[in-house]
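Asks: In terms of this note's numbering, the sequence shown opens at residue 27 and continues consecutively.
Glycine included, every Cβ here is placed at the ideal spot set by N, Cα and C.
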Amino acid sequence: MQINQQEIKNKILTALEKTKAFFSHKNGKIISIIFIILTLSIYWIYLTTPISNLEVPKLIEIKKGSTLKDVSQKLSDEGIIKSRTILNTVIILSGGDDKVVSGEYLFEKAPSLFEVAKRITTGDFGIEVREVRLPEGVTVAQIADIMEERFPYFEKDAFMQLASESEGMLFPDTYNFLETVKAFEVYNTLKDNFEKKIEEVKPFIKENNLSLRDVVIIASMVEKEATVDSREEVASIIWKRLEEDMLLQIDATFVYSIGKGTFDLTMKDLTDEENPYNTYVHKGLPPTPISNPGLESLKAAAAAKPTEYMYFLTGRDGEMYYATNFEQHKKNRARYLD
Numbered sequence: 027m028q029i030n031q032q033e034i035k036n037k038i039l040t041a042l043e044k045t046k047a048f049f050s051h052k053n054g055k056i057i058s059i060i061f062i063i064l065t066l067s068i069y070w071i072y073l074t075t076p077i078s079n080l081e082v083p084k085l086i087e088i089k090k091g092s093t094l095k096d097v098s099q100k101l102s103d104e105g106i107i108k109s110r111t112i113l114n115t116v117i118i119l120s121g122g123d124d125k126v127v128s129g130e131y132l133f134e135k136a137p138s139l140f141e142v143a144k145r146i147t148t149g150d151f152g153i154e155v156r157e158v159r160l161p162e163g164v165t166v167a168q169i170a171d172i173m174e175e176r177f178p179y180f181e182k183d184a185f186m187q188l189a190s191e192s193e194g195m196l197f198p199d200t201y202n203f204l205e206t207v208k209a210f211e212v213y214n215t216l217k218d219n220f221e222k223k224i225e226e227v228k229p230f231i232k233e234n235n236l237s238l239r240d241v242v243i244i245a246s247m248v249e250k251e252a253t254v255d256s257r258e259e260v261a262s263i264i265w266k267r268l269e270e271d272m273l274l275q276i277d278a279t280f281v282y283s284i285g286k287g288t289f290d291l292t293m294k295d296l297t298d299e300e301n302p303y304n305t306y307v308h309k310g311l312p313p314t315p316i317s318n319p320g321l322e323s324l325k326a327a328a329a330a331k332p333t334e335y336m337y338f339l340t341g342r343d344g345e346m347y348y349a350t351n352f353e354q355h356k357k358n359r360a361r362y363l364d
């Protein structure tokens with residue numbers, strides 16, 4: 027049950043008036059002492075009683091260089107405190123306004139004035155660090171969904187605006203973020219991690235005279251099409267089909283563009299020339315990566331070895347099946363898919 031601070035104060039004030047009347051004929055010194063004790067009691071309750079009508083949780087930012095006056099005004103405007111004067115007095119008496127620590131403060135429940143004073147002078151932000159795993163092959167849109175679900179203050183729309191042109195270049199990994207992390211912080215962290223990891227792949231890209239863009243696009247398809255043990259083989263087949271000027275016929279591009287998987291595709295989908303990600307009618311690579319690949323898929327795409335196979339498919343049993351010609355591939359389809 028929440029304590030009604032005003033009601034308590036009113037009751038104490040009433041008791042104070044009665045006490046003053048009762049002792050009006052007594053020694054003036056006794057009256058003064060009791061009056062002081064009761065007055066201090068009122069202030070103590072005021073300082074230690076949480077604000078009952080505060081809407082929480084609430085995130086408050088104290089900017090670097092803010093004065094105590096600025097801070098107390100902001101806290102008052104946000105409904106964190108009711109008396110700027112008392113907060114200023116408590117902080118100054120405890121060491122001065124230079125003790126106010128800048129940063130973001132999360133109030134998950136209504137605080138008392140003493141709690142506010144202590145937190146902003148010691149840098150007790152009340153913000154936890156949360157771990158989040160972004161799996162290999164995750165898309166920008168999926169990253170936004172995962173972050174929004176895991177982090178209550180994450181701005182999904184802002185992240186999508188920042189990352190819309192960076193598909194394939196946000197590295198999937200396990201990250202630790204403050205629960206109040208901003209969209210640009212997530213974007214920069216994932217982008218920086220990609221730049222760091224890709225350094226391990228660049229020697230293969232240079233050695234094989236490849237472009238980074240092509241490697242990332244192929245790696246993004248490998249991530250969606252291959253099993254853990256078949257990355258290199260799938261990457262090799264994609265490169266070989268490109269060299270032979272063959273259609274790639276990658277089903278995963280449909281998942282990215284229209285949200286349909288292998289078993290949901292119709293003839294209309296497969297013959298749609300307006301879909302730039304339709305690798306059944308458009309030769310070459312799709313216009314962008316279709317996922318954010320991990321390091322192993324990037325390495326597989328950059329260091330693919332020659333292969334005898336021209337076709338691959340993933341059976342309903344989850345296994346990979348390869349073929350050197352179309353007739354063999356049709357047999358694999360009939361046996362493992364149809």
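Have a look at Glu81, Met272, Lys222, Asp277 and flag the residue whose alpha-carbon is nearest the alpha-carbon of Gly341.
Replies: For the residues Glu81, Met272, Lys222, Asp277, the minimum Cα distance to Gly341 belongs to Asp277.
Asks: Check whether the Cβ atoms of Pro198 and Ala245 sit closer than 9 Å, and answer yes or no.
Replies: Going by C-beta atoms, Pro198 is not nearer than 9 Å to Ala245.
Asks: Does DSSP classify Tyr335 as helix, strand or coil?
Replies: Coil.
Asks: Got a sec? Which residues, its chain only, sit under 6 Å from Tyr337 by beta carbon, not counting five neighbours each side?
Replies: Excluding positions up to five away in sequence, the list reads Ala349, His355.
Asks: Please list, in chain order, all residues of the same chain as Pro298 whose beta carbon is under 8 Å from its beta carbon, the five residues on each side excluded.
Replies: For the sequence presented, residue 298 should be read as Asp rather than Pro. So the list reads Asn304, Val307, once near-sequence residues are dropped.
Asks: Is it true that the stretch 213–224 meets the stretch 170–178, where meeting means three or more beta-carbon pairs spaced less than 8 Å apart?
Replies: No, because fewer than three Cβ pairs between the stretch 213–224 and the stretch 170–178 fall closer than 8 Å, the two stretches do not touch.
Asks: Are the stretch 155–172 and the stretch 125–135 in contact at 8 Å, needing three or more beta carbon pairs?
Replies: No, the stretch 155–172 is not in contact with the stretch 125–135.
Asks: Can you tell me where the beta strand (DSSP E) holding Phe133 begins and where it ends?
Replies: Its beta strand (DSSP E) spans residues 129–133.
Asks: Quick check on Arg361: buried or exposed, where buried means 16 or more other Cβ atoms within 10 Å of its Cβ?
Replies: Label assigned to Arg361: exposed.
Asks: So, is Phe352 buried or exposed, given that buried needs 16 or more other C-beta atoms within 10 angstroms?
Replies: Classification of Phe352: exposed, given that the 10 Å Cβ count is below 16.
Asks: Nearest by alpha-carbon distance to Glu270: which of Val260, Lys309, Arg159, Lys232 is it?
Replies: Taking only the C-alpha atoms, the option nearest Glu270 is Lys309.
Asks: Where does Glu251 land, buried or exposed, given buried means 16+ other C-beta within 10 angstroms?
Replies: Looking at its Cβ environment, which holds 16 or more other Cβ atoms inside 10 Å, Glu251 is buried.
Asks: Here's a check: name, in chain order, each residue in its chain whose Cβ is nearer than 6 Å to the Cβ of Phe61, leaving out the five neighbours to either side.
Replies: With a pLDDT of 48 at Phe61, under the threshold of 50, the modelled position of that residue is not reliable, and no figure is offered here.
Asks: Following the continuous alpha helix (DSSP H) through Asn219, name the residue where it begins and the one where it ends.
Replies: It spans 209–223 - the alpha helix (DSSP H) in which Asn219 sits, taken as one unbroken run.
Asks: Report the option in Asn214, Gly129, Tyr179 whose CA atom is closest to the CA atom of Ala189.
Replies: For the residues Asn214, Gly129, Tyr179, the minimum Cα distance to Ala189 belongs to Asn214.
Asks: Indicate whether the contact test is met: 3 or more Cβ pairs, each with one atom in the stretch 315–326 and one in the stretch 247–267, closer than 8 Å.
Replies: Yes: the two stretches touch, three or more of their Cβ pairs being nearer than 8 Å.
Asks: Three or more beta-carbon pairs under 8 Å between the stretch 234–245 and the stretch 202–218, yes or no?
Replies: Counting Cβ pairs under 8 Å, fewer than three are found: no touch.
Asks: For Val126 versus Ser92, is the C-beta distance shorter than 9 Å?
Replies: Taking 9 Å as the Cβ cut-off, Val126 and Ser92 qualify as a contacting pair.
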